[in-house]
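> Numbering (this note's numbering), first residue to last: 6 to 259.
First the structure, then my questions, so here it is.
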Amino acid sequence: MAFADKDDVRRLADLLEAAESVVIFTGAGISTESGIPDFRSPGGLWTKYKPIDFSDFMASEEMRRESWRRKFAMDRTMTTAEPNRGHRAVARLVDTGKVSAVITQNIDGLHQASGIPDMQVIELHGNATYAKCLGCGLRHELDPIKEAFLVDEAMPVCTGCGSEFMKTATISFGQSMPEAEMARAQRETLACDLFIAIGSSLVVYPAAGFPVMAKQNGSGMVILNREPTDLDQYADLVINGEIGPTLGDAVAVN
Ligand code: NAD
Ligand code: ZN
């Protein structure tokens, strides 16, 4: 485990102090300390499962079945995970009014679980803690779907419209981005004076476009990751270190 340089942590604290309106942007890295694997780290999900593209999900019942299999195989980790020090530090910054919005690529709901109001969390890739009918948009809770699926892999059918196209409420590769969330994320990005990208490999677009958008608009930009990212050259400060200890120290949160 690599700890961030103490001077870097101090610089981050100073930047936060001087900023008036901060946007926090998070990726899977902020949740690894809660036990949820990310995609691209060694041993991450990427090495086990090739993501199911949206067009394959739509075209094949077997692919839809496979996506539920994966979902429920992973589900224990997701449903028992709790916010960690990094989430708590972000929640504190929101609470003090310094951070206007948290833009997240995560689908685990841990920012909300850390106490950040739903209104201030912008989920670019949706949420895996419930399902949605692709036909009529109706929300479905996962428990009954899981119970039936685990018996004989019974596929869920929408109780609202009868559609068989039920999916966790996440955005798959190849699926269009949620318009309202993209618009809000853009507004927030263009209104901030400090943008902090935390625990994202910054390679999944369009989400990864926001840090550059902030920078080009004149905002300060910080990247916090245990590894270098492709966008480090745009950042005013790059901190290579573990997220929980770094943010926890910068914000003085345990
Ligand atoms: P990613 O896996 O591509 O990148 C995670 C990054 O975080 C890596 O660069 C890694 O070096 C860094 N990292 C991991 N743990 C860290 C730690 N403790 N301290 C510092 N750095 C750490 O993730 P991404 O950029 O978010 O893109 C992957 C996509 O997969 C996202 O769109 C997201 O929707 C989805 N996803 C979400 C979750 C989740 O909700 N928790 C988990 C896996 C994947
Ligand atoms: Zn429906």
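Glycine included, each C-beta is placed from N, C-alpha and C at the ideal position.
Source: prediction; values computed, not measured.
Which same chain residues end up closer than 8 angstroms to Met-187 when comparing Cβ atoms and leaving out the 5 residues on each side of it in sequence?
Cβ neighbours of Met-187 beyond the five flanking positions: Leu-129, Pro-211.
> Rounded to whole angstroms, what's the CA-CA distance from Phe-77 to Glu-146? Just pull it up for me.
Approximately 13 angstroms between the Cα atoms of the pair.
> Going by C-alpha distance, which of Lys-172, Val-99, Arg-231 is nearest Thr-134?
Nearest of Lys-172, Val-99, Arg-231 to Thr-134, Cα basis: Lys-172.
> Skipping 5 residues on each side, what residues in its chain have a beta carbon closer than 6 angstroms to that of Leu-236?
Here the set comprises Leu-207, Pro-216.
> Secondary structure at Thr-134, three-state DSSP: helix, strand or coil?
Residue state, collapsed to three classes: strand.
> Which whole runs of the alpha helix (DSSP H) in the stretch 94–129 are 4 residues long or more, in chain order?
Entirely contained in the stretch 94–129, the alpha helix (DSSP H) runs reaching 4 residues are, in chain order, 115–118.
> Would a C-beta distance cut-off of 8 angstroms place Ile-35 and Val-104 closer than the cut-off?
Their beta carbons are not under 8 angstroms apart, which means Ile-35 does not touch Val-104 by this criterion.
> Cutting at 8 angstroms between CB atoms, please list the residues of its own chain near His-116, excluding the five before and the five after it.
Same-chain partners within the cutoff: Thr-31, Pro-88, His-92, Val-95, Ala-96, Val-107, Thr-109, Val-126.
> Spatial neighbours of Glu-71 within its chain, please: C-beta separation below 8 angstroms, excluding the five flanking residues on both sides.
So the list reads Ile-57, once near-sequence residues are dropped.
> Can you tell me whether DSSP reads Phe-55 as helix, strand or coil?
Phe is not the amino acid found at residue 55; the sequence shown has Lys there. Coil.
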